[in-house]
Every structure is written in structure tokens, then in C-alpha cells.
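What follows is a set of notes on a single structure, which appears directly below.
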Amino acid sequence: MAELNKPFPRIFSRAARQYLYPILPAALALAFFSGFSLTALGAESTTPRIELPGLSTSSRPNEVNTLADDDYFPTLINLIQNSNRSIDLAMFVFKTSTKGDNRPMQIAKALIAARQRGVRVRVILEKSGYDEKLNQTNEEVGALLKENRIVVEFDSPQRTNHAKLVVIDSRYCLVGSHNFTQAALKHNHELSLLIDSRTLARELLDYMGKISR
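In the working numbering, the protein residues as written are 4 to 216.
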């Protein structure tokens, strides 16, 4: 537990760190034992929250929920389906399959449906300088998304993009360990956070812009 006391690197601005940094140590430590929700300090929009499966639906701004294991997938799908302006995501691996009940393919279809109803969608994927199998996986889904007028970008092969970030409507932020693979979305022990914060969303969007350059 001593590791949790180490300071986080100053990746984001002071405003974003106000929400993100104090939350992560407690969330990561407690999430393995029980589900819980936290409310961060601050004041933002009081727009009601989207109804999410298994989560609090209060209208309190800056609310944080843990998404452990396969809780992440239905929450993400719900957010995508209820988006009305923008979806931005950065993912290390996005591995779809046409076989069976493939959750990454369901995410791809949900993104395409969102784009078809006028939502702006941007996907940033890893471009490896050494792993051609990973490149093929990401390029395949990238081609599918591009065919449906979704903006697809790849990071520089000189530096690995291991981020797993989703920002919806410049408000709902999903940050954590979930890749878009069947294993991560259905079978693995994975942990991510859903944070309702426009301030953090702005910081994550700025960070995504740096990844794709």
C-alpha cells in the first residue's frame, strides 16, 4: 500500500488533477473488494445524468463510478447510444471479429450508428513500430470505421500509445485498463473509472490531440 502514497506525475493541469489524482489511489485499492461511487469536489453543469446500467443516476456533477470487469461494456454501449455531439477515444488495441457475440464488434457498430445519426466520432489507435500483428488488428477495424465516415488516426510508431480513454459529449470520461478486446470486455479482471467531468474531459481531449500528432 505504500506505493499509493507516491505522487502522480504532473501529466494534466491543476484543474484536472483536482478530480483525477485524489480519486485513483482509493478507487484502485477499494474496487477489488466492493463496488462503490464517489463524488468529487467541484461545480459544473447540473444537466441530468444519462441512465446507466447498475450505476447511480443522480444529477450530481463530477460523480465517479468504478467499472470493474464486464460492467464496462454495457455502460460504454449505453453512453455511445445516448451520445448526441461527440465521441473521442484512444485505444491500444481494438480487435473485432465476426464470430459469435463479439463485444468489440458491437462497439464498432455502435460507433457507426452514432456517426450515422450525426455524432462526430474520432478513434485514435496504436501504430506499432515492431508488432505487425497488432498493426493489422487495428488497421482492419480502422478501415471499417473509415468506410463509415469515422475519423481514424494512428499514433507515431516511434512511441507506444498504451492509453485506454473514451470521452463522450465532452463530459463523460472513461479511463482505465479495458482494451477493446473480447478478453478484456468479457473475461479478464479489468478496472476503469467513469468520471462525469467537463474539466477532465477537456484535459483528456487535449492529451488525445498530442497522441495523434
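All C-beta atoms, glycine included, are put in the ideal place defined by N, C-alpha and C.
C-alpha gap between residue i and residue j, whole angstroms
{"i": "N65", "j": "K98", "result": "31 Å"}
{"i": "A113", "j": "P107", "result": "10 Å"}
{"i": "E129", "j": "M94", "result": "7 Å"}
{"i": "L79", "j": "G212", "result": "21 Å"}
{"i": "Q116", "j": "D134", "result": "Residue identity differs from the one stated: residue 116 is Ala in this sequence, not Gln. Each residue's alpha carbon lies about 31 Å from the other."}
{"i": "E193", "j": "S200", "result": "22 Å"}
{"i": "E142", "j": "K149", "result": "10 Å"}
{"i": "P160", "j": "E206", "result": "23 Å"}
{"i": "Y175", "j": "Q185", "result": "23 Å"}
{"i": "N81", "j": "Q109", "result": "12 Å"}
{"i": "S89", "j": "N151", "result": "15 Å"}
{"i": "A187", "j": "A166", "result": "14 Å"}
{"i": "Q84", "j": "N191", "result": "24 Å"}
{"i": "T49", "j": "A204", "result": "Note that T49 has pLDDT 44, beneath the 50 cutoff, so the model's placement of it is unreliable and the number below is only indicative. Roughly 16 Å separates the two Cα atoms."}
{"i": "D104", "j": "F76", "result": "13 Å"}
{"i": "V144", "j": "N182", "result": "14 Å"}
{"i": "L70", "j": "S100", "result": "24 Å"}
Option nearest residue i by Cα separation, candidates the options
{"i": "T202", "options": "S86, V154, Q161, I171", "result": "I171"}
{"i": "A146", "options": "S180, D158, A111", "result": "A111"}
{"i": "R162", "options": "D104, G132, A71", "result": "G132"}
{"i": "N138", "options": "S100, D104, P77, V96", "result": "V96"}
Beta-carbon gap between residue i and residue j smaller than 8 Å
{"i": "I153", "j": "R118", "result": "yes"}
{"i": "I198", "j": "I127", "result": "no"}
{"i": "D74", "j": "K189", "result": "no"}
{"i": "V178", "j": "L92", "result": "no"}
{"i": "R123", "j": "E156", "result": "no"}
{"i": "S180", "j": "S195", "result": "yes"}
Beta-ladder partner(s) of residue i, from DSSP
{"i": "G179", "result": "S195"}
{"i": "R174", "result": "In DSSP, R174 forms no bridge with anything."}
{"i": "V126", "result": "L92, V155"}
{"i": "V169", "result": "L92, L177"}
{"i": "A71", "result": "L194"}
{"i": "F97", "result": "F183"}
{"i": "E206", "result": "DSSP output for E206 lists no bridge partner at all."}
{"i": "E142", "result": "Answer by DSSP bridge pairing: none, since E142 is not bridged."}
Classification of residue i by the beta-carbon crowding that lies within 10 angstroms, buried from 16 upward
{"i": "T140", "result": "buried"}
{"i": "N164", "result": "buried"}
{"i": "K136", "result": "exposed"}
{"i": "N68", "result": "buried"}
{"i": "K102", "result": "exposed"}
{"i": "N87", "result": "exposed"}
{"i": "D209", "result": "exposed"}
{"i": "D158", "result": "buried"}
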